[in-house]
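Everything on this sheet refers to the single structure shown next.
2 protein chains.
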Amino acid sequence: MSDLSALPTPSLLVDRARVERNVARMGARIAGLGAALRPHVKTHKSIEVGRLQAAAGMRGITVSTLAEARAFAAHGFDDITYAVPIERGKFDAVAGMNAAGTRLGVITDDIAVPGPLGEAARQAGVTIDTWVKVDCGYHRCGVDPEGPALAELAARIGERTHLRFAGILAHAGHSYQARGAAAILAVARSERDVMVAAAGRLAAAGVPVPSVSIGSTPTAAHVDHLDGVTEVRTGNYAFFDVTQVAIGSCAQEDCALSVLAAVVHRDTSRGKVILDAGAIALSKDTGITDPDGVTHFGRVLDLEGRDLGLRVTGLSQEHGVVGVGDDALLTRLGVGTLVRVLVNHSCLTAAQHAEYVVCDGLQVVDRWVNHRGW
Amino acid sequence: MSDLSALPTPSLLVDRARVERNVARMGARIAGLGAALRPHVKTHKSIEVGRLQAAAGMRGITVSTLAEARAFAAHGFDDITYAVPIERGKFDAVAGMNAAGTRLGVITDDIAVPGPLGEAARQAGVTIDTWVKVDCGYHRCGVDPEGPALAELAARIGERTHLRFAGILAHAGHSYQARGAAAILAVARSERDVMVAAAGRLAAAGVPVPSVSIGSTPTAAHVDHLDGVTEVRTGNYAFFDVTQVAIGSCAQEDCALSVLAAVVHRDTSRGKVILDAGAIALSKDTGITDPDGVTHFGRVLDLEGRDLGLRVTGLSQEHGVVGVGDDALLTRLGVGTLVRVLVNHSCLTAAQHAEYVVCDGLQVVDRWVNHRGW
Numbered sequence: 001m002s003d004l005s006a007l008p009t010p011s012l013l014v015d016r017a018r019v020e021r022n023v024a025r026m027g028a029r030i031a032g033l034g035a036a037l038r039p040h041v042k043t044h045k046s047i048e049v050g051r052l053q054a055a056a057g058m059r060g061i062t063v064s065t066l067a068e069a070r071a072f073a074a075h076g077f078d079d080i081t082y083a084v085p086i087e088r089g090k091f092d093a094v095a096g097m098n099a100a101g102t103r104l105g106v107i108t109d110d111i112a113v114p115g116p117l118g119e120a121a122r123q124a125g126v127t128i129d130t131w132v133k134v135d136c137g138y139h140r141c142g143v144d145p146e147g148p149a150l151a152e153l154a155a156r157i158g159e160r161t162h163l164r165f166a167g168i169l170a171h172a173g174h175s176y177q178a179r180g181a182a183a184i185l186a187v188a189r190s191e192r193d194v195m196v197a198a199a200g201r202l203a204a205a206g207v208p209v210p211s212v213s214i215g216s217t218p219t220a221a222h223v224d225h226l227d228g229v230t231e232v233r234t235g236n237y238a239f240f241d242v243t244q245v246a247i248g249s250c251a252q253e254d255c256a257l258s259v260l261a262a263v264v265h266r267d268t269s270r271g272k273v274i275l276d277a278g279a280i281a282l283s284k285d286t287g288i289t290d291p292d293g294v295t296h297f298g299r300v301l302d303l304e305g306r307d308l309g310l311r312v313t314g315l316s317q318e319h320g321v322v323g324v325g326d327d328a329l330l331t332r333l334g335v336g337t338l339v340r341v342l343v344n345h346s347c348l349t350a351a352q353h354a355e356y357v358v359c360d361g362l363q364v365v366d367r368w369v370n371h372r373g374w
Numbered sequence: 001m002s003d004l005s006a007l008p009t010p011s012l013l014v015d016r017a018r019v020e021r022n023v024a025r026m027g028a029r030i031a032g033l034g035a036a037l038r039p040h041v042k043t044h045k046s047i048e049v050g051r052l053q054a055a056a057g058m059r060g061i062t063v064s065t066l067a068e069a070r071a072f073a074a075h076g077f078d079d080i081t082y083a084v085p086i087e088r089g090k091f092d093a094v095a096g097m098n099a100a101g102t103r104l105g106v107i108t109d110d111i112a113v114p115g116p117l118g119e120a121a122r123q124a125g126v127t128i129d130t131w132v133k134v135d136c137g138y139h140r141c142g143v144d145p146e147g148p149a150l151a152e153l154a155a156r157i158g159e160r161t162h163l164r165f166a167g168i169l170a171h172a173g174h175s176y177q178a179r180g181a182a183a184i185l186a187v188a189r190s191e192r193d194v195m196v197a198a199a200g201r202l203a204a205a206g207v208p209v210p211s212v213s214i215g216s217t218p219t220a221a222h223v224d225h226l227d228g229v230t231e232v233r234t235g236n237y238a239f240f241d242v243t244q245v246a247i248g249s250c251a252q253e254d255c256a257l258s259v260l261a262a263v264v265h266r267d268t269s270r271g272k273v274i275l276d277a278g279a280i281a282l283s284k285d286t287g288i289t290d291p292d293g294v295t296h297f298g299r300v301l302d303l304e305g306r307d308l309g310l311r312v313t314g315l316s317q318e319h320g321v322v323g324v325g326d327d328a329l330l331t332r333l334g335v336g337t338l339v340r341v342l343v344n345h346s347c348l349t350a351a352q353h354a355e356y357v358v359c360d361g362l363q364v365v366d367r368w369v370n371h372r373g374w
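See the structure below:
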């Protein structure tokens with residue numbers, strides 16, 4: 001065990017107690033609402049966090065890349081949904097993983113996919129769980145829940161011997177436009193109600209819907225009931241971040257991820273310091289503009305985690321610019337001083353680092369690998 | 001050898017012929033201007049590109065991380081400048097690399113650094129090349145070239161037995177605010193003239209300046225003479241990117257880096273497709289807003305490299321949104337279609353990937369490792 005102050009900078013820190021608390025809370029919350037939890041591991045890409053999520057109760061996991069699927073499958077996670085729409089370049093890889101014993105489901109919103117996907121499954125001698133992606137209002141991907149494509153696509157999947165229609169699936173990404181509990185709750189209700197209604201129409205048309213899957217961290221944190229929903233996919237909640245605080249999904253004290261950085265330059269005339277955490281260490285995600293109109297790349301805490309009231313307002317590749325208006329604070333932040341940046345978007349920042357330095361207070365207690373790539 | 005169309009998506013592609021041409025051109029250009037070239041390898045972090053740069057004539061290399069320094073040193077690059085201001089957390093690592101035979105120089109603009117840095121060097125039994133970082137107008141780091149700190153810091157370094165005052169060093173990052181050849185040339189002349197004047201003042205005060213180091217890709221591409229400058233550090237030119245095209249540093253045909261992606265969703269009613277290259281594959285660098293007011297994350301080319309006139313206008317973690325106004329084009333871009341994204345900022349995009357897929361036309365001819373991390 002070593003102390004945080006002995007780490008090289010930049011290093012990616014994760015607060016173990018906060019992750020454990022976040023994971024346990026969401027597990028209990030979704031169980032209490034009567035649905036299964038299928039955490040999205042794209043946020044952490046970490047086997048260890050996945051195991052915490054399994055211990056908190058889950059049906060399986062969700063992934064955003066085949067690299068995540070392979071890494072988790074290699075560690076015994078055998079029920080996985082790959083939640084980016086599938087295309088032909090990945091059919092054989094998915095079929096192969098199913099043949100090797102992992103139940104790796106896919107999603108699609110395209111009528112041209114089930115035919116060749118079913119053929120790839122047939123050739124591999126497997127049956128692939130295939131979800132219809134539904135647009136519940138985010139308008140990124142998915143079929144119109146009220147249009148004819150939903151039933152047509154479900155039927156097309158059902159026709160293929162080597163595909164199994166697994167259900168309908170949506171992601172309320174527009175919840176990130178909401179601010180505060182009431183606004184998030186409105187999106188959460190809409191996400192749920194749109195999907196339950198769509199499942200009802202399919203069932204009425206003679207197409208049984210085995211599962212109704214929804215999920216985003218803001219909506220999962222605020223939804224009031226989940227009647228008719230069978231599973232929730234949410235990922236960011238394991239770490240949370242400054243964006244989730246700004247939306248109203250969590251408190252700042254729930255944020256588990258920060259980047260340890262050192263001051264490498266101090267400019268007393270311009271009132272700023274430069275950190276050795278830049279665009280690569282933090283990502284260029286601008287998060288949500290603060291109420292005072294400042295767009296930034298994260299909040300600056302001291303080594304012990306106390307908020308210094310500073311923000312990273314500029315980034316170049318390996319430099320982070322922090323404006324410091326207070327002279328006493330500027331005096332404290334000499335070259336070599338260690339600080340922590342509480343990040344805007346934990347999913348993106350985590351993916352910038354090969355590993356997590358796991359902390360208990362100021363002590364380093366473990367290292368976790370981030371299974372990056374594609 | 002395989003064809004690009006057989007690659008998984010997303011993959012990072014580098015056009016070998018363009019890299020070779022870019023590297024040869026800049027090597028010849030800086031040699032013709034009578035200065036040495038010390039390429040900044042932070043753009044590519046690739047031993048193979050470094051070797052091309054060495055073959056095109058160079059004095060040594062510049063790095064932005066100690067991980068780059070270690071990787072290049074392990075491959076025989078023994079003259080390296082670490083061009084982020086040094087702080088105490090890295091003193092021992094730098095001294096250790098010098099002790100192991102790499103001439104690893106550092107930069108500082110802080111009067112409190114030479115004392116303890118010199119002590120670390122003494123304990124390791126080495127002499128560390130130490131540059132004074134000068135602010136030539138970018139205002140990120142560096143001492144005022146006209147203020148007293150420059151001579152004081154040079155003297156403080158010179159007093160330390162185990163430090164060698166290597167010279168003065170600047171980076172005209174404000175050249176990225178320029179648009180077009182004339183505006184860049186004005187910044188380039190200022191970068192040069194500010195530094196040559198600063199060196200002259202130091203020399204007049206009895207402090208010989210062994211080297212005057214400047215550099216940015218825009219200014220290196222346009223500067224008219226380098227009298228009084230001894231070396232140029234420029235990095236992006238190996239790959240160039242959409243930002244450099246917009247500034248006026250290069251032509252689009254010089255851009256060597258692109259991300260291969262597949263269409264995973266097509267929405268004919270909204271006129272858009274979604275690619276499987278998102279914020280992680282591309283980075284969230286918004287580059288320079290186009291003349292029509294659109295801010296984007298890269299230009300979309302077809303598999304053969306022809307510009308489709310499309311842009312990535314939105315990103316989530318593994319999704320890239322591409323607006324497609326033309327119906328015929330939308331018909332072509334069915335799910336599974338492969339495209340290439342010409343990236344805004346090659347340094348950041350490259351760092352998102354573990355390796356380069358090296359291409360000659362549509363053929364894969366090699367793989368190069370990206371030495372990421374810190």
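Which chain is which? The protein sequence lines are A and B, in order. Read in order, the letters of the first sequence are residues 1 to 374 in the numbering used here. Read in order, the letters of the second sequence are residues 1 to 374 in the numbering used here. Note that CB positions come from ideal geometry on N, CA and C, so glycine has one too. Since the model is a prediction, treat every value here as computed from it, not as a measurement.
How would you list, in chain order, the residues of chain B whose beta-carbon sits under 7 Å from the beta-carbon of residue i?
{"i": "A:Trp374", "result": "Pro8, Pro10"}
Assign residue i to one of two classes, buried (16 or more other C-beta atoms within 10 Å of its C-beta) or exposed (fewer than that).
{"i": "B:Pro218", "result": "buried"}
{"i": "A:Leu333", "result": "buried"}
{"i": "B:Arg270", "result": "exposed"}
{"i": "A:Gln177", "result": "exposed"}
{"i": "B:Pro145", "result": "buried"}
{"i": "A:Pro85", "result": "buried"}
{"i": "B:Pro148", "result": "exposed"}
{"i": "A:Glu304", "result": "exposed"}
Would you kindly report the start and end of the unbroken alpha helix (DSSP H) that includes residue i?
{"i": "B:Glu119", "result": "114-124"}
{"i": "A:Glu152", "result": "149-159"}
{"i": "B:Ser346", "result": "346-350"}
{"i": "A:Asp135", "result": "Per DSSP, A:Asp135 belongs to no alpha helix (DSSP H) and is neither H nor E."}
{"i": "B:Ser190", "result": "181-204"}
{"i": "B:Ile86", "result": "That residue, B:Ile86, is in no alpha helix (DSSP H); it is neither H nor E in DSSP."}
Rounded to a whole number of angstroms, what is the C-alpha to C-alpha distance between residue i and residue j?
{"i": "A:Gly200", "j": "A:Val223", "result": "20 Å"}
{"i": "A:Ala354", "j": "A:Ser46", "result": "10 Å"}
{"i": "A:Val341", "j": "A:Val126", "result": "46 Å"}
{"i": "B:Trp131", "j": "B:Val229", "result": "14 Å"}
{"i": "A:Ala99", "j": "A:His75", "result": "17 Å"}
{"i": "A:Val187", "j": "B:Ile168", "result": "57 Å"}
{"i": "A:Leu260", "j": "A:Asp302", "result": "9 Å"}
{"i": "A:Arg88", "j": "A:Thr313", "result": "42 Å"}
{"i": "A:Phe240", "j": "B:Ile128", "result": "43 Å"}
{"i": "B:His171", "j": "B:Tyr82", "result": "13 Å"}
{"i": "A:Thr289", "j": "A:Val300", "result": "16 Å"}
{"i": "A:Cys359", "j": "A:Arg164", "result": "43 Å"}
Which chain B residues sit within Cβ distance under 8 Å of residue i?
{"i": "A:Ser64", "result": "Gln317, Glu318"}
{"i": "A:Cys347", "result": "Gln317"}
{"i": "A:Val263", "result": "Glu87"}
{"i": "A:Ser283", "result": "Ala279, Ser283, Lys284"}
{"i": "A:Lys42", "result": "Gln317, Glu318"}
{"i": "A:Gly173", "result": "Ser316"}
Check the C-beta distance from residue i over to residue j and give it rounded, since I have them as a contact under 8 Å.
{"i": "A:Arg311", "j": "A:Arg38", "result": "35 Å between Cβ atoms; not a contact."}
{"i": "B:Arg51", "j": "B:Asp79", "result": "With 8 Å as the limit, B:Arg51 and B:Asp79 do not qualify as a contact, their Cβ atoms being about 14 Å apart."}
{"i": "A:Ala73", "j": "A:Met97", "result": "6 Å"}
{"i": "A:Val94", "j": "A:Val106", "result": "6 Å"}
Tell me where the beta strand (DSSP E) around residue i begins and ends.
{"i": "B:Gly320", "result": "319-323"}
{"i": "A:Gln252", "result": "Unbroken run through A:Gln252: none, as it is neither H nor E."}
In chain A, which residues lie less than 7 Å from residue i when you measure between Cβ atoms?
{"i": "B:Arg88", "result": "Gly336"}
{"i": "B:Ala56", "result": "Those within 7 Å of B:Ala56 in chain A number zero; the least Cβ separation is about 23 Å."}
{"i": "B:Ala354", "result": "Gly373"}
Determine the chain D residues that contact residue i at a beta-carbon separation under 9 Å, and present them in chain order.
{"i": "A:Cys141", "result": "Reference to chain D is not applicable here, since the protein chains of this structure are A and B."}
List the residues of chain A whose Cβ lies closer than 9 Å to the Cβ of residue i, in chain order.
{"i": "B:Arg270", "result": "His139"}
{"i": "B:Val113", "result": "Val335, Gly336"}
Since residue i meets chain A, which of its residues come closer than 8 Å, beta carbon to beta carbon?
{"i": "B:Val84", "result": "Val264, Asp276, Glu318, His319"}
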